[in-house]
Amino acid sequence: MSVDTATVARIASLARIKVTDEEIAAMVPELNGILAWVEQLGEVNVEGIAPMTAVIPNQQRLRDDVVGADPLTGGGVRDKVLSNAPAGEHGFFGVPKVIE
Amino acid sequence: MTDLTDLGVAAIRAGVANGDFSATEVAGAFNTAVADAQPALNAFITLTPDKALEAAAAVDADRAAGKALGKMAGVPIGMKDLFATTGTKTTAASQILGNFVPPYESTVSQKLWDAGAGMLGKLNLDQFAMGSSNETSAFGNVISPWRREGDTAQLAPGGSSGGSSAAVSARIAPAATGTDTGGSIRQPAAFTGISGIKPTYGRCSRWGIVAFASSLDQAGPMARDVRDCAIMLEAMAGFDPKDSTSLDLPVPEWEANLNADLRGKKVGIPREYRMDGMDADVARAWDEGIAWLKDAGAEIVDINLAHTKYALPAYYIIAPAEASSNLARYDGVRYGLRDLPQGAGLQDMYAATRAAGFGAEVKRRILMGTYVLSAGFYDAYYTQAQKVRTLISRDFMDAFQTVDVILAPTAPTAAFGLGEMVSDPLAMYLNDVFAVPASLAGLPAMSVPAGLDRQGLPLGLQLIGRPFDEQGVLDAGLAIEARAGFTARPAKWW
């Protein structure tokens, strides 16, 4: 499989990365080089093989279902959460207008 | 008096505990060395000399008060700028986090401070740990302290933990943290003649480490020798309820149990790693390594890891897929850079922010990952790669029925020059061909220095162990270290 300029433009849009026509033109051969190379995985017989889900077997855990179980995210840390926001206003994350 | 910057972790800790010198003197000596080297090597993104002195003063006060000292007491270290540090900028070497000051501390860094270590600064790296030469950092290349014999060309310190490898080999830090997703501890360690271990996936908490590919990312120590790595890994490892993949196991006493006597042990030599056109010096170092392990009492066994050639292509589907998902969080809303063009709406802001904040390699991997996860391609690429990953892991488990540890080269060549590989992403990816299989299988793996190549540059040997058997890896590494007699160090030109 290979990509063309329209496909690269589409995946850039899906990935929410603004790209110029020149950048797309440069990426098409780069991505096609990588895709042609990963194509060799198709040679491997994977019949009956389950895809890897956990590299080291581990038990999934549940935390206690109470407010504040995690002192870092459990509440009362609004100002810390907002401390790196580019536009933190009135205790909220500020964003450009989304409703016309 | 000995030059304190010539000392490693164990020697500093012992000297401080014995009162031969104070932790404050050690921190001062390394702070000076760091400041001196920074303009030439660019190993750090942020210097924190006061943090190093503050931690040292606390250790000196504890010693004066007769209190017990921690495993890393009095040892100043470099912290890869991928670990969140409270109140100290944490950038992942990206513009998108260029001004990010975490209000929290990563579990691994907190454990190191609790063990008495201090922070010299935040080390440079490939942007979001994506790279093998430290050339994708938004804050400039790291220059390796090593040079080819009779040549002043700038060499790569390896990547992504290139600031860590440069700092330890230049002796401006006795040890540093690294992270390894597909070789990012081992390859830079090999390039600079130092040791580094990636433990079993889940040994070190990922909490507070900027995520790249979560099923692969593991933190580990980089230091001058095997013992120093064992000490530091003990301080870094341990169960953390804040990381859902953290292993709930006690931390073994790796240092106390170090044993270079390999009688009764079997070492596997994977046939598939001996590739056509292999670098002659790398092949020679590998043969020497085999002889050294035999000399240590081990039995050498040829093994097959049949799917080795598919590890790298599988990795370059899985890692970008996870990265594209992980890096979706950089949206210009909650933290990090925001680029809001005049009159832009929310979607335009996302796209402009990410275009301005991510470097070229990061964008390339996000797009690759987005593509392989997109509707219609998911099974052909991602599911197929995860099935191949199962087979790669199974190859290792089959081999470990027979052998205790596997010996292979760390990287296919010694360090290359800056700029030699950047124009061809695929050639750069191939540098991780020997490192990636162990990452995909979550296995503990270590690089130790083996010798110098024909250009006078370090070569590393890699040891890969069973899950949870860091001890076996460290022991075999120690056996090689004892026989390689590697004392070469870069001549100081900075």
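Each protein sequence line maps, in turn, to chains A and B.
3 is the number of the first residue of the first sequence in our numbering; add one for each residue after it.
464 is the number of the first residue of the second sequence in our numbering; add one for each residue after it.
A virtual CB, placed ideally from N, CA and C, is assigned to each residue, including glycine.
Proximal chain A residues relative to residue i, where beta-carbon distance stays under 9 Å
i	result
residue 888 of chain B	32, 35, 36
residue 964 of chain B	The shown model of chain B, from 464 to 957, leaves out residue 964 of chain B, and the question about it has no answer.
residue 773 of chain B	42, 43, 45, 46
residue 891 of chain B	Simply none; closest approach about 11 Å.
Contact set between residue i and chain B, taken where Cβ atoms lie within less than 9 Å
i	result
residue 95 of chain A	796, 797
residue 52 of chain A	849, 850, 853
Residue i versus residue j - alpha carbon distance
i	j	result
residue 537 of chain B	residue 485 of chain B	8 Å
residue 557 of chain B	residue 826 of chain B	12 Å
residue 686 of chain B	residue 604 of chain B	21 Å
residue 893 of chain B	residue 475 of chain B	38 Å
residue 621 of chain B	residue 631 of chain B	13 Å
residue 737 of chain B	residue 746 of chain B	8 Å
residue 884 of chain B	residue 940 of chain B	30 Å
residue 509 of chain B	residue 546 of chain B	13 Å
residue 79 of chain A	residue 575 of chain B	25 Å
residue 732 of chain B	residue 722 of chain B	21 Å
residue 703 of chain B	residue 25 of chain A	42 Å
residue 667 of chain B	residue 805 of chain B	44 Å
residue 708 of chain B	residue 4 of chain A	35 Å
residue 54 of chain A	residue 710 of chain B	18 Å
residue 870 of chain B	residue 818 of chain B	42 Å
residue 585 of chain B	residue 739 of chain B	40 Å
residue 763 of chain B	residue 928 of chain B	15 Å
residue 479 of chain B	residue 522 of chain B	9 Å
residue 453 of chain B	residue 829 of chain B	Lying outside 464 to 957, the shown extent of chain B, residue 453 of chain B is not represented and no answer is given.
residue 560 of chain B	residue 20 of chain A	18 Å
residue 665 of chain B	residue 777 of chain B	21 Å
residue 751 of chain B	residue 787 of chain B	41 Å
residue 641 of chain B	residue 589 of chain B	12 Å
residue 45 of chain A	residue 872 of chain B	26 Å
residue 800 of chain B	residue 681 of chain B	26 Å
residue 886 of chain B	residue 23 of chain A	20 Å
Where residue i meets chain B, residues with beta-carbon distance less than 8 Å
i	result
residue 4 of chain A	Under the 8 Å cutoff, chain B gives no residues; its nearest Cβ is about 11 Å from residue 4 of chain A.
Residue i classed as buried or exposed, judged by whether at least 16 other C-beta atoms fall within 10 angstroms
i	result
residue 795 of chain B	buried
residue 670 of chain B	buried
residue 718 of chain B	buried
residue 792 of chain B	exposed
residue 511 of chain B	buried
residue 626 of chain B	buried
residue 879 of chain B	buried
residue 949 of chain B	buried
residue 766 of chain B	buried
residue 635 of chain B	buried
residue 691 of chain B	buried
Contacts of residue i in chain A (Cβ-Cβ under 8 Å)
i	result
residue 859 of chain B	Those within 8 Å of residue 859 of chain B in chain A number zero; the least Cβ separation is about 11 Å.
residue 780 of chain B	40, 43
residue 907 of chain B	Going along chain A, no residue has its Cβ under 8 Å from residue 907 of chain B, so there is no contact; the nearest lies around 11 Å.
residue 817 of chain B	17, 18, 19, 20
residue 812 of chain B	97, 98
residue 787 of chain B	17
Chain-ordered neighbours of residue i on chain B, where CB pairs are closer than 7 Å
i	result
residue 69 of chain A	Simply none; closest approach about 17 Å.
residue 27 of chain A	The contacting residues do not exist; residue 27 of chain A stays about 14 Å from chain B at best.
residue 8 of chain A	Within chain B, no residue comes near residue 8 of chain A; the closest Cβ sits about 13 Å away, beyond 7 Å.
residue 14 of chain A	830
Contact set between residue i and chain A, taken where Cβ atoms lie within less than 7 Å
i	result
residue 566 of chain B	82, 85
residue 699 of chain B	Result: empty, since nearest Cβ-Cβ is about 17 Å, beyond 7 Å.
residue 826 of chain B	19
residue 809 of chain B	97, 98, 100
residue 678 of chain B	57
residue 777 of chain B	43
residue 930 of chain B	58
residue 833 of chain B	13, 16, 17
Cross-strand partners of residue i (DSSP beta bridge)
i	result
residue 922 of chain B	B:914
residue 540 of chain B	B:582
residue 730 of chain B	B:763, B:868
residue 846 of chain B	Answer is none; residue 846 of chain B lacks a bridge partner.
residue 937 of chain B	Answer is none; residue 937 of chain B lacks a bridge partner.
residue 546 of chain B	B:672
residue 927 of chain B	B:869, B:908
residue 642 of chain B	B:682
residue 880 of chain B	B:618
residue 658 of chain B	B:686
residue 90 of chain A	A:95
Chain C within 8 Å of residue i, Cβ atoms only
i	result
residue 89 of chain A	The displayed structure is made up of protein chains A and B, and chain C is not among them.
Three or more C-beta pairs closer than 8 Å, one from the stretch 657–669 of chain B and one from the stretch 903–916 of chain B: is that the case here?
-> yes
Quick check: the stretch 38–49 of chain A against the stretch 635–650 of chain B, are there 3 or more CB pairs under 8 Å?
-> no
For the stretch 768–786 of chain B against the stretch 849–864 of chain B, are there 3 or more C-beta pairs whose distance is under 8 Å?
-> yes
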